[in-house]
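I have placed the structure first, in the form of structure tokens, so that the comments after it can refer back to it.
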Amino acid sequence: MHISQTMAECDCQHDACAARKYCMAAEIERLRAALTEAKNCLDGEPDYHSCGMGCGLEDRGITDRYAAMEHGWCSAIERMQEQHVSGALEIISAALEVNP
Ligand SMILES: [Zn+2]
Numbered sequence: 042m043h044i045s046q047t048m049a050e051c052d053c054q055h056d057a058c059a060a061r062k063y064c065m066a067a068e069i070e071r072l073r074a075a076l077t078e079a080k081n082c083l084d085g086e087p088d089y090h091s092c093g094m095g096c097g098l099e100d101r102g103i104t105d106r107y108a109a110m111e112h113g114w115c116s117a118i119e120r121m122q123e124q125h126v127s128g129a130l131e132i133i134s135a136a137l138e139v140n141p
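Numbering (the working numbering), first residue to last: 42 to 141.
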């Protein structure tokens, strides 16, 4: 049985599903798969490259330690967003857009 099927395509015998016109078990499975994929995206953290971070400071002529800290913070947030958060958000958004 494919996920997100309507009852017209689904041969499950769940009374509750028939009342709602879609198979709840399939819908739960679809959402669980999306959550699992999103969780995998969120796992881990970007590697720290001291050389790359140092170059970032030099390229920008940053010598003030507070400015350096802000640059490091912004770089880390940006990398987390790119490598972990945005992928998870896409998966969750796509899963929520499907109307059973
Ligand atoms: Zn069902």
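A virtual CB, placed ideally from N, CA and C, is assigned to each residue, including glycine.
Original post:
Around ligand 1, what residues have a beta-carbon under 6 Å from a heavy atom of it, in chain order?
Top reply: Cys53, His55, Cys58, Cys64, Met65 and Ala66
Subject >> Residues near His112 in its chain [Cβ-Cβ closer than 7 Å; skip 5 each side] >> reply: Gly97, Leu98, Arg101 and Ile103
Original post:
Shortest alpha-carbon distance to Gln124 belongs to which of Arg106, Ala136, Tyr107 and Lys80?
Top reply: Lys80
Subject >> Nearest neighbour of Met65, chosen from Cys51, Glu78, Ala75 and Ala135 [CA to CA] >> reply: Cys51
Subject >> Arg106 versus Ile118: straight-line alpha-carbon distance, rounded >> reply: 18 Å
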